[in-house]
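Residue numbers (our numbering), protein chains in the order written: chain W, -12 to 263; chain P, 271 to 584; chain H, 93 to 382.
Reviewing the structure listed below.
Put into structure tokens, the structure is as follows:
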């Protein structure tokens, strides 16, 4: 994706939506450090703990560990590879499990969990990771409604605690009900800001018309100079700031046709609800 | 004398490298190309054939015939030969296929024809895990060359075959065979004389594998093996324990490793019983030209000397 | 007592004592490695490795003649090269470990055959290299002891990283690429040294069997990785003792006897074990309350 320039303050929750192939997962992976931007840069992540939950985690569900064993690894940032788990750490793990509704499941092996329970366990691990930035890619894809609502409450608690949460979702009704801010992405940002303003039929139509994912012959856009990066805003909050061209699209090709119109990227949300 | 050793050295070198031979200086231009399967037979054939034959060996000295795998170079050698000499009695299981693939049109001479073979102890072989062997032990023990009397038959067979293939040199072959036969007769007498002062009851020896049954039969010596007739078959705990018991009870003093097998098992038995291996015996192959047993006669002589000294407690 | 008399051969002969000691050491060392091997779906590595070490042994032979030490060392080097190369390919390309290992071991074996053919030795190197449990001399026991100590220490250090490497490799790589690589390659090194030391001391059959079969059997009795890691060596040792006694009382060759004991235990476990076929059939699928 390309031409993306946005920042999110601490203590915010952002939904990222868009059609298939829009670059949503790519964005998260870039923020997680797995991909490097071809041009542009990502600021504000130094010294921050980032937790990334991919869409299909490559977790071996048949591996013989208990739920507690798996979730306990969320505290790797404290103990590393060699330290023993202290009883205080074990207690925190049990509390995390309780807060996702899995109390009593500690000694169960992970192959006995249903999809929803496993996802809750992964969220418990996220709790323990105690990250400042959380990147969740379709976390409710195979999960029942009850679990989804519980986990959404957890997201809200994280936001209130000052974490930054970016969630890729495909269920727009969920986004409308639970997320105040949304980024509509279709390789390039279509709209960004208050959810109601972003998810308009016009915007959605434009997103659906994204050709680039399907059409190799679609016109590419040119690279250009990017606005300067922002650091801290007036409130002294740290920002996560990503801009520039993401992975996948580069500069000119020969004989390209007219460029598409430059998107209107808001540096700050137009809506009344500020992003803090 | 020097020429013969030189010839043998060359032959051994060819066997080692496994490549076909150009004619060597020792052989006359009209030399009869012949192939022997392994080093012991090679020596015998060379004794009878002299410079009228151009000999190559498939399996060289200090090599384990049990794990031989023929290669294209061998097939080429065999294809060019007029005579192929093998032991028979199941020793060269790979021979029929090799002859066929080499399109061999000459005469295949099985040297053990005419002797009375011994049965394989524990008929039905045991195979070690792992690599396929081109060698199958059937019902007979193939190590007939350990009995000098048998080798005299071998030599006669060699002479007959050479005569049939090369009538012009027949007198030459017969003469050499006769001379060598006399040497063998003397060797046989020597061996008997060496054992004579030792009581029969004392003549017990522990060896790595069951290769000396014919020697034992001929000269009245009892050999006990850690493994069976195949050099690499698996030992059993009971078998080893039995040997150890026997050594202790019968006060056997003679323990030997061999030149082609892993010595560790014999050493283990030695550790258990306080015996040190008394030396090494040559069972299935001659030594390299500079070694202690580069010819058949020297091999038997060396073995006998080592055996008698160990048994007598020297 | 009759039972004790039956066990007597184990301490009556020093070669049996050594065999038992060798089995203890290899069980402690190879069986836990085998647990991870099984969980990473690499159980056939043993057989591949037996062939892959050939060029190393061949070079050792060329340099030092029939020296077991040189050939074993050469074998370890060749095995490490193959293991690390296939691990590298598996981590950085689309190929997984089974294919990359197969490719490298075939290359290695062919190279070994080429070396041997060119230098024309008729001694079957691998036969000389592979030992038997009844012939453990001091050098072999020392080698086994060394390997066991190294393995136990490495497993202690790498345990957590190794579990995570198997369970969720992306998570580990995100947190600590260094431990990720250490666990991945360190494990391969452990596999190779255990196998080659096992070949040298006990032959291919036993070395591979002690690595693979106890882990497979243990899987039918316990469910946690920690439990697997102590049960597998215990089962291995039990079957070694059984095999040694069988070899004595029934006059069977020793390595096959031990491996048959291991295999029989595995079959029994598969049928009768807590998570085996029979017990699992009578447990209806329990739906957990969500």
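Where a beta carbon is used, it is the ideal one built from N, C-alpha and C, also for glycine.
The structure displayed is predicted, hence computed values, not measured ones.
- At least 8 Å separates the beta-carbon of residue -1 of chain W from that of residue 157 of chain W.
- Residue 376 of chain P is positioned such that its CB atom lies closer than 8 Å to that of residue 353 of chain P.
- Look at the region 8 to 66 of chain W and you find these whole runs of beta strand (DSSP E), each 3 residues long or longer: 28 to 30, 37 to 40.
- Not a single CB atom of chain H sits nearer than 8 Å to the CB of residue -11 of chain W.
- Among the residues facing chain H, residue 195 of chain W is not included, as its CB has no counterpart in that chain under 8 Å away.
- Under the DSSP definition of a beta bridge, residue 345 of chain H partners with P:506.
- In this structure residue 211 of chain H touches residue 154 of chain H by the C-beta definition: roughly 6 Å separates them, less than 8 Å.
- Counting only runs that start and end inside the region 177 to 233 of chain H, the alpha helix (DSSP H) elements of at least 4 residues fall at 189 to 210, 217 to 221.
- Interface residue (Cβ-Cβ distance to chain W less than 8 Å): residue 352 of chain H is not classified as such.
- Near chain H, meaning a CB-to-CB distance below 8 Å, the residues of the region 44 to 63 of chain W are 44, 45, 46, 47, 50, 51, 52, 53, 56, 57, 60, 63.
- Closer than 8 Å to the CB of residue 341 of chain H there is not a single CB belonging to chain W.
- The region 192 to 202 of chain H and the region 166 to 183 of chain H touch, with no fewer than 3 CB-CB distances between them shorter than 8 Å.
- Of all C-beta pairs linking the region 448 to 457 of chain P to the region 468 to 488 of chain P, fewer than three are shorter than 8 Å, placing the two stretches out of contact.
- 502, 503, 504, 505, 506, 507, 508, 509, 510, 511, 514: these are the residues of the region 495 to 525 of chain P whose beta carbon lies less than 8 Å from some beta carbon of chain H, given in chain order.
- Not a single C-beta of chain P is nearer than 8 Å to the C-beta of residue 319 of chain H.
- Against residue 261 of chain H, the close residues of chain W are 45, in the order they occur along the chain (beta-carbon pairs closer than 7 Å).
- Counting only Cβ-Cβ distances below 7 Å, residue 542 of chain P has contacts in chain H at 105, 106, 107, in chain order.
- Taking 8 Å as the cut-off, the beta carbon of residue 191 of chain W is found no closer than this to the beta carbon of residue 179 of chain W.
- Of all alpha-carbon atoms in H:268, H:241, H:312, the one lying nearest the alpha-carbon of residue 364 of chain H is that of H:312.
- The contact set of residue 126 of chain W on chain H, defined by CB atoms closer than 7 Å, is empty, because the minimum CB distance reaches about 15 Å.
- Residues of the region 63 to 92 of chain W with a Cβ closer than 8 Å to any Cβ of chain H, in chain order: 63, 64, 67, 68, 69.
- If you keep only unbroken alpha helix (DSSP H) runs of at least 4 residues inside the region 103 to 171 of chain H, you get 106 to 131, 137 to 144, 146 to 156.
- When the five nearest sequence neighbours on each side are left out, the beta carbons in the same chain lying within less than 6 Å of the beta carbon of residue 414 of chain P are those of 382, 385, 420, 484, in order along the chain.
- Taking a beta-carbon distance threshold of 8 Å, residue 255 of chain H counts as an interface residue toward chain W.
- Contact of residue 115 of chain H with chain W by beta-carbon distance below 9 Å is absent, the smallest such distance being about 26 Å.
- The three-state secondary structure of residue 492 of chain P, taken from DSSP, is strand.
- Using a C-beta cut-off of 8 Å, the region 472 to 479 of chain P makes no contact with the region 292 to 309 of chain H, since fewer than three inter-stretch Cβ pairs fall below that distance.
- The beta carbon of residue 344 of chain H is closer than 7 Å to those of 338 in its chain, skipping five residues each way along the sequence.
- Spatial neighbours of residue 142 of chain H in its own chain (CB-CB distance under 6 Å, excluding positions within 5 residues in sequence) are listed in chain order as 296.
- For residue 474 of chain P, the three-state secondary structure derived from DSSP is strand.
- Contact between the region 55 to 66 of chain W and the region 139 to 147 of chain W is absent: fewer than three C-beta pairs spanning the two stretches fall below 8 Å.
- In this structure, the straight-line span from the alpha carbon of residue 418 of chain P to that of residue 457 of chain P is close to 8 Å.
- When C-beta atoms of the region 23 to 41 of chain W are compared with those of the region 237 to 249 of chain H, fewer than three pairs fall below 8 Å, so the two segments do not count as touching.
- Residue pairing from DSSP places residue 410 of chain P in a beta bridge opposite P:389.
- Listed along chain H are 229, each with a C-beta nearer than 7 Å to that of residue 537 of chain P.
- Comparing alpha carbon positions, the residue from H:136, H:113, H:259, H:349 closest to residue 300 of chain H is H:136.
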